[in-house]
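Trainee: Have a look at the structure that comes next, please.
There are 2 protein chains.
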Amino acid sequence: MPKHLITFHPGEKRISVDEGENLLQAAMEAGIHINASCGGSATCGKCKIHLLQGTADSPKHPNISSQEYEQGIRLACLTSVHGDLEVEIPLESQVDRSVLQLKGDRTAQKYLLSPQDIYQLVQGWEVDPAVFKKYVLLDPPTPKDNRSDLTRLTHVLERQHGIGGISADFRVIMRLSQILRESDWKVTATLVLTRKGYKLINVEPGDTTQRNYSVVFDIGTTTIYGQILDLNGCVVVACPDGQCDGTSLFALAEASDYNGQIRYGEDVITRIIYSQRPGGLKTLQEVVVSTLNKILQELLDMSGIDRSLISHMVIAGNTTMTQLLLGLDPKYIREAPYVPTANFIPPVRAVHLGIHLADHVHTYIFPMVASYVGGDIVAGILGSGIFQRETLTLYMDIGTNGEIVLGNKDWLASVSCSAGPAFEGAGIKFGMRAARGAIEEVNINHRTYEPMILTIGRTKPIGICGSGLIDAVAALLETGMIDPNGKFRGALPTDRVRRGPDGYEYVLARKEETGIHEDIALTEIDIENLIRTKAAIYAGYKILLESVGLGFQDLQQVIIAGGFGRHIDLQKAIFIGLLPEIGIDKFIFVGNGSLLGTRLLSFSKNLLKEAERIALMTTNLELSDHPTFMNEFVAAMFLPHTDASAFPQVKDRLHRMKSGYLSEQVM
Amino acid sequence: MPKHLITFHPGEKRISVDEGENLLQAAMEAGIHINASCGGSATCGKCKIHLLQGTADSPKHPNISSQEYEQGIRLACLTSVHGDLEVEIPLESQVDRSVLQLKGDRTAQKYLLSPQDIYQLVQGWEVDPAVFKKYVLLDPPTPKDNRSDLTRLTHVLERQHGIGGISADFRVIMRLSQILRESDWKVTATLVLTRKGYKLINVEPGDTTQRNYSVVFDIGTTTIYGQILDLNGCVVVACPDGQCDGTSLFALAEASDYNGQIRYGEDVITRIIYSQRPGGLKTLQEVVVSTLNKILQELLDMSGIDRSLISHMVIAGNTTMTQLLLGLDPKYIREAPYVPTANFIPPVRAVHLGIHLADHVHTYIFPMVASYVGGDIVAGILGSGIFQRETLTLYMDIGTNGEIVLGNKDWLASVSCSAGPAFEGAGIKFGMRAARGAIEEVNINHRTYEPMILTIGRTKPIGICGSGLIDAVAALLETGMIDPNGKFRGALPTDRVRRGPDGYEYVLARKEETGIHEDIALTEIDIENLIRTKAAIYAGYKILLESVGLGFQDLQQVIIAGGFGRHIDLQKAIFIGLLPEIGIDKFIFVGNGSLLGTRLLSFSKNLLKEAERIALMTTNLELSDHPTFMNEFVAAMFLPHTDASAFPQVKDRLHRMKSGYLSEQVM
């Protein structure tokens, strides 16, 4: 894809962008503030720029007069870049420096690993799935050789493929004699390697070895992600040139949807409460299965793969989601001392759960650690390779709940933080999940206090999602509009800050610019909720480190997983004290770590015992009973933290900022 | 039980009998002929004896005048012995010597092992069932110890009972949390040892370890036998005096019934044919399950054991019966080259088959060798201990089909003889199974040619069963009424031999003495069918021996199994050439060897792998394809055999008999 060079004036900041890139977004990513409070939907008409030179596509707009348009005035949000550009930011929206000097590119994109890199996180695995197919040619029975059909088949599997000690599923035996004869003794056997050895689960006529697929699901409390995989993966046939860059391992299709259980409660606790109603458990079980079936259908439609060719299913979910899927009463997950029914679930047939797959498809359920550290986390640890490396790693999966794991190849410890779903919008007045219309990026001009926001889909804002929330609070803190307690600092020369029904609030977008026809504002209560959430997470990893006698300085790597992680701005998350202030190069984002783990497990049978080992070796700390948790939590209820020495760069920056503002305001 | 001494005059033959013994039966067992052609039902009135001295209970009868009664004349069939007796056999029914001098007691009873002896056939087993219960006290979860419920349970099973590597059935996991809490953390776990390790299949509140039962079934083509067993067997609690004589291992109850499939065909071939009709397989499956459920209900009623306390089921059947039970199409069992679907069947849940047992009960299906050497034979080999001994043993199970195994601990070979169900009455004009009213014992006076018959239940005869058939043919041969080809020797001074619709026949009972109001006769065609059957069996074991380069003289033991074996007269079976003429002390009868095997397997998990080893190590010979089978079969179509040198004693005896008869007839 061709790249174009944009030069912003004044300041001559140069950035390289892709063909067709939106100019407002490019400016924001470069840390160049252009007022824009409608999120880039061409409503507020404030993001005016002056196109000095170059090729760009930018239509007229009512807020731009014909005269202005002729002079080269455009709305940045309507401008797409088609060649090198020189752009002048007009005085009214110009800022003399970027809001956060520390950052260069949007960190989430910088530190989000490429798919190839992700597959290299885990070493020593190969495409050798636990569920595999073998084509065999049998000698038809003769008077001298009239072994039973099953014996004939297992013998040939042993002789031709070295697979011994096979046990057969009774359902295979039911159809075996007929299939062998109808196929003229040429069949494809599907086998699965379990803890107990090889099991023959299907026999098909002819050679179907090239058509062997699996589906994997990450069942989140909010969102369920599914993928369909080609289990032949990277084999010679699939890579005729003998090259394998890992891309053949990618999913053939990916789809996601909200977990249908959402309407019965936003988090695991409310789901468990609902499950205790008469028929509640059954309803929740059916609803999540219905979501899985819906996603499965999408995957089949997208990939064009026949349902009958799916041989395996792998599922990772938190403990509550797993128990609800299996119809296991989650009652005791909620009651102290928080006991799940089982951490290791035997393979369950997909049809038994109500999932529309062939009779022989077994479901591998990722093992769990504890009531609040589930199979999704074990899958994440597996997928990110922590369990293999010496490197002391902190693994954070911030979703509806926050789970954190610390360790390396020798030991693993976990905590779960009842962070609350603030990052998914709960407890935030205009909070919403990361969906179309959500404010996902926020900057605030430190002189005018005018916001520059971007929404997902560049439509009119209808709310604010997690990453927008972090950006907004970081910007309010940096501009000095709120103090480290998260309270607005009284009167400021802007009507953006005002008294609302819940105390002070900052207006991110005015009603005429929004999609909901009311002002979208961030209140002090919202900020307090965010602080509470980040404090719980901070306390979690702090205690985890302390429990093994370590500190932030000992961390060699921090892996951020989860859909949330993909969108946050690392620097801003550190700035508000959500993430520890350590070298930025120690952070990596793996995206959906759980789904990554399910995918790797589906591809490589070697990882079956590793998943089990991870679940067994992980020691879980119950924060609710931890003697210092409350102290740590309270100490973290400050931006970035009461102990500023833990965030020396943030402290320093805040100090410099404050001086700057004061001198300007004095002028 | 007190014993009484009976002295028969003339001849002063003395026998010891039990209190209450029937005098006619006692005489027959002593080889003393007393005419009786109504089978002991007091109809023919011919079995008159003279009671010289002693205590006996014997009512009056119309055929005995008052004068005769006062003189001490009684009907032997109505006389029960209550003290030492002296009995004179009146001239009209007296014989000067027993029909078969060789025999002493009824051999079947002599060589039928006692239950204690039977359990000693197999060495090195102990009461340690594969399905067992363990009572455990769990520590309730605490904040410091909130392992999952399943982990808690498996840990305590490992710590308290040394049972490691447990996998759990999903159905257990479903109920686990609730049961643990409702039982205050005191539960009984039911585990099963499979090829793949220990599996947790049930959890019950409280201590139920003393209530652990199994049911075992031998599914025959004709008859199904079932037993209910106490799996605690011979343990200290069951034998408070510390003594264990093995009797505690006996079944708590035994019941049997005809296999409901009988109405769809007498033998496996006709059943297979029926199974090929639309819905036929399903019908046959349901019908046999219905018989099993009926027997199960009887066993529960008899033993007073609650259905829910049955933890295990073990089934042995021939290959066709097994496939029909499992709903596996038996089509290819019947078609050359006779291939069964599978010899090893994974454990199947009883409810899956339609058997009314608890959800967690698994069915162990005895492994099979070949299409016509099934799990019943493997169970018989297991139960009779052949696989453990150096002794070269011939194991014969003559039922609807005849299966024969030869070998010892190092090797085993088998054949199946399409003997045909002559011994169960098929192909015999008045043939019937061994049921009430069947003629089971036959003697014929060599001078008067009058029969002495006994029926099962001492009722009027309604037909003749296998043992009666062997007796009758042996007697006809010995008295010289038939020649070694089985043909009647023309005119004899008796109206018992006559021309009937099927050629010559011998009238065993006249219509006024029978329960069917017609003469019961044995025809030349019946005799030919019997010869055919015995020839097939003889050819079977002859070829089996020859295939390993051995002969009759090498046999160290012959085990006769099957309900049939229990009733036959060993000497007479040898006399007609059904059994080989070897030392009589080499024969033992084990009764239902298959049921014995199921019982042992249910008691001892050590035998699980032995059963598998037996099935694997047994080499089956297909007689139908064997080059010398037809020769051997034809050569055996003679009484006892064309090669008389194989039966030297029989030959000698026949020679002596013939001389005697001739000299008498000449006189």
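Chains as they are written, first to last, in our numbering: chain A, 102 to 768; chain B, 102 to 768.
Yeah, the Cβ is synthetic: ideal placement off N, Cα and C, and Gly gets one too.
Just so we're clear, the structure is a prediction, and the values are computed from it rather than from any experiment.
(1) Hey, out of B:Ile677, B:Arg272, B:Gly558, B:Ala737, whose CA is closest to Val751 of chain B's CA?
(2) Provide the residue span of the alpha helix (DSSP H) that contains Leu429 of chain A, from first to last.
(3) Counting C-beta neighbours from all protein chains within 10 Å, is the total for Arg260 of chain A 16 or more, i.e. buried, or is it exposed?
(4) Classify Ser117 of chain A: buried if its beta carbon has 16 or more other beta carbons within 10 angstroms, exposed otherwise.
(5) Quick one, which of A:Ser142, A:Leu495, A:Val608, A:Pro191 has its alpha-carbon nearest Lys687 of chain A's?
(6) Can you check whether the CB of Gly418 of chain B is closer than 8 Å to the CB of Gly476 of chain B?
(7) Please state if the CB of Pro441 of chain A and the CB of His463 of chain A are separated by a distance shorter than 8 Å.
(8) Measuring only the C-alpha atoms, how far is Arg272 of chain A from His461 of chain A?
(9) I'd like to know whether the C-beta of Val389 of chain A is nearer than 8 Å to at least one C-beta of chain B.
(10) Assign Val316 of chain B to one of three DSSP states: helix, strand, or coil.
(11) If we define contact as Cβ-Cβ less than 8 Å, is Met275 of chain B a contact residue for chain A?
(12) Give the residues from the stretch 298-312 of chain B that approach chain A closer than 8 Å (Cβ to any Cβ), ordered along the chain.
(13) Give me the Cα-Cα distance between Gly531 of chain A and Gly591 of chain A, rounded to the nearest whole angstrom.
(14) Are the CB atoms of Leu513 of chain B and Ile280 of chain B nearer to each other than 8 Å?
(15) Verify the CB distance criterion: does Gln489 of chain A have a CB-CB separation below 8 Å to chain B?
(16) Please report the Cβ distance between Leu176 of chain A and Gly140 of chain A, rounded to the nearest whole angstrom; I am assuming they are in contact, meaning their Cβ atoms lie under 8 Å.
(17) Under DSSP, the beta strand (DSSP E) around Asn515 of chain B begins and ends at which residues?
(18) Could you tell me if Gln362 of chain A is buried or exposed, where buried requires 16 or more neighbouring beta carbons within 10 angstroms of its beta carbon?
(19) Along the chain, which unbroken stretches of the beta strand (DSSP E) at least 3 residues long are found entirely within the stretch 383-458 of chain B?
(20) Could you check the C-alpha separation between Ser199 of chain B and Phe467 of chain B for me, to the nearest Å?
(21) Along the stretch 585-608 of chain A, where does the CB come closer than 9 Å to a CB of chain B? Name the residues.
(22) Ignoring anything shorter than 4 residues or poking outside the stretch 114-161 of chain A, list the alpha helix (DSSP H) runs there in chain order.
(23) Indicate whether at least one CB of chain A lies closer than 8 Å to the CB of Ser517 of chain B.
(24) Please check the pair Asp331 of chain B and Ile325 of chain B, which I expect to be a contact at CB under 8 Å, by giving their CB distance rounded to whole angstroms.
(25) Under the rule that 16 or more other beta-carbon atoms within 10 Å means buried, what is His668 of chain A, buried or exposed?
(26) Going straight from the alpha carbon of Thr624 of chain A to that of Glu713 of chain A, what length do you get?
(27) Looking only at C-alpha atoms, which of B:Arg364, B:Asn333, B:Ile329 sits nearest to Ala356 of chain B?
(28) Tell me which same chain residues have a C-beta within less than 7 Å of the C-beta of Pro741 of chain B, skipping the five on either side of it?
(29) List the residues of chain B whose Cβ lies closer than 8 Å to the Cβ of Glu723 of chain A, in chain order.
(30) Tell me which same chain residues have a C-beta within less than 6 Å of the C-beta of Ile583 of chain A, skipping the five on either side of it?
(31) Tell me, which residues are paired with Ala662 of chain B by DSSP?
(32) Applying a beta-carbon distance threshold of less than 7 Å, which residues of chain B neighbour Tyr439 of chain A?
(33) Strictly below 7 Å CB to CB, what residues from chain B border Ile644 of chain A?
(34) To the nearest angstrom, report how far apart Thr309 of chain B and Pro103 of chain B are at their CA atoms.
(35) Given a cut-off of 8 Å on the beta-carbon distance, is the pair Leu222 of chain B and Val237 of chain B in contact?
(36) Does chain A have any CB closer than 8 Å to the CB of Ala443 of chain B?
Mentor: Per the coordinate set shown:
(1) When each option's Cα is compared against that of Val751 of chain B, the closest is B:Ile677.
(2) Note, Leu429 of chain A: premise wrong, no alpha helix (DSSP H); not H, not E.
(3) By the beta-carbon neighbour count (other beta carbons within 10 angstroms, threshold 16), Arg260 of chain A is exposed.
(4) Under this definition Ser117 of chain A is an exposed residue.
(5) Nearest option by C-alpha distance: A:Leu495.
(6) Yes, these two residues count as a Cβ contact at 8 Å.
(7) Note that the C-beta distance between His463 of chain A and Pro441 of chain A is not below 8 Å.
(8) If I take the Cα positions, the gap works out to 8 Å.
(9) It does not: the Cβ of Val389 of chain A has no partner Cβ on chain B nearer than 8 Å.
(10) Here Val316 of chain B sits in strand by DSSP.
(11) Yes, Met275 of chain B lies at the interface with chain A (some Cβ there is under 8 Å from its Cβ).
(12) Hits within the stretch, in order: Gly298.
(13) Correcting the residue identity first, residue 531 of chain A is Phe in this sequence and not Gly. Just so you know, the alpha carbons of Phe531 of chain A and Gly591 of chain A end up roughly 22 Å apart.
(14) In this structure, Ile280 of chain B does not lie closer than 8 Å to Leu513 of chain B by Cβ.
(15) Not one chain B Cβ lies under 8 Å of Gln489 of chain A.
(16) Incorrect: roughly 13 Å between the Cβ atoms, too far for contact.
(17) The sequence as given places Ser at residue 515 of chain B; Asn does not occur at that position. Start and end: 513-518.
(18) So Gln362 of chain A counts as buried.
(19) Unbroken beta strand (DSSP E) stretches of 3 residues or longer found wholly inside the stretch 383-458 of chain B: 411-418, given in chain order.
(20) With a pLDDT of 32 at Ser199 of chain B, under the threshold of 50, the modelled position of this residue cannot be trusted; read the value that follows with caution. Straight-line Cα distance between these residues: approximately 45 Å.
(21) Contacts with chain B (Cβ-Cβ distance below 9 Å) from the stretch 585-608 of chain A involve no residue at all.
(22) Listed in chain order, the complete alpha helix (DSSP H) runs (minimum 4 residues) inside the stretch 114-161 of chain A are 124-130.
(23) Chain A, which has no Cβ nearer than 8 Å to the Cβ of Ser517 of chain B, makes this no.
(24) So it is not a contact: roughly 21 Å between Cβ atoms.
(25) That one is buried.
(26) Taking the straight line joining both Cα atoms gives about 45 Å.
(27) Comparing Cα-Cα distances from Ala356 of chain B to each of B:Arg364, B:Asn333, B:Ile329, the minimum goes to B:Ile329.
(28) Around Pro741 of chain B: Phe676, Ile677, Gly678, Phe748, Val751.
(29) Those within 8 Å of Glu723 of chain A in chain B are Pro244, Asn247.
(30) A distance below 6 Å between beta-carbons, with the five flanking residues on each side excluded, links Ile583 of chain A to the following residues of its chain, in chain order: Leu577, Phe589.
(31) Its beta-bridge partners are B:Asp498, B:Gly692.
(32) Residues of chain B with a Cβ closer than 7 Å to the Cβ of Tyr439 of chain A are, in chain order, Asn247.
(33) By Cβ distance, chain B contributes nothing, its closest Cβ being about 15 Å from Ile644 of chain A, past 7 Å.
(34) Between the alpha carbons of Thr309 of chain B and Pro103 of chain B lies a gap of roughly 42 Å.
(35) One thing to note: Leu222 of chain B has its Cβ no nearer than 8 Å to the Cβ of Val237 of chain B.
(36) Ala443 of chain B counts as touching chain A.
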